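S.K.:
Numbering (the numbering used here), first residue to last: 7 to 168.
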């Protein structure tokens, strides 16, 4: 008998809404970085996204998804959300704010809903893959289905890694 798959908050939200998604697991691997995860899953790094949480000087929090082979451009991101500047959230604040830990943060199922922006490059693909809400799990979903779970906008927010 196969062990039942452990459900995360993100998966429960998708299940409750009847949204189709696919789970990818990389639990028994040495994958640490997003590029490692893309390689283990044998997926194009352009479709594997990392979830980044930021905060502004005004005290607002924002969620950004960018491909694992790119970096979040903080200036572009701030402009997109109407802030003068934003900075990456301190790791110690992530769990209390979102309910997720570093490396397992999903844009779905956070404690609160935050303005979410996905890099415009996601439009180039039928699906995107991002954290399933726990290290070792990734969710694959179409943007159309993701829109049924969370509100987001698409914008040019990434820059190539140096």
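Idealized CB from N, CA, C, for every residue including glycine.
The structure displayed is predicted, hence computed values, not measured ones.
By DSSP, does residue 125 sit in helix, in strand, or in coil?
M.R.: The answer is strand: DSSP assigns residue 125 an E or B state.
S.K.: Are three or more beta carbon pairs between the region 121-140 and the region 90-97 nearer than 8 angstroms?
M.R.: At 8 angstroms Cβ cutoff, the stretches do not touch.
S.K.: By DSSP, does residue 48 sit in helix, in strand, or in coil?
M.R.: Note: residue 48 maps to coil in three-state DSSP.
S.K.: Is residue 173 helix, strand or coil by DSSP?
M.R.: Residue 173 is absent from the structure shown; the chain starts at 7 and stops at 168.
S.K.: Would you call residue 166 buried or exposed, if buried means 16 or more other Cβ atoms sit within 10 Å of its Cβ?
M.R.: By the neighbour-count rule (16 or more Cβ atoms within 10 Å), residue 166 is not buried but exposed.
S.K.: Alpha carbon to alpha carbon, how far is residue 21 from residue 154?
M.R.: So the alpha carbons of these two residues sit roughly 12 angstroms apart.
S.K.: Helix or strand or just coil, what does DSSP make of residue 134?
M.R.: In this structure, residue 134 counts as strand in the three-state DSSP scheme.
S.K.: Which residues share a DSSP beta bridge with residue 61?
M.R.: BP columns for residue 61 point to 67, 93.
S.K.: Going along the chain, which residues of its own chain have a beta-carbon closer than 7 angstroms to the beta-carbon of residue 77, five neighbours each way excluded?
M.R.: Excluding residues within five positions, the ones whose Cβ falls inside 7 angstroms are 164, 165, 167.
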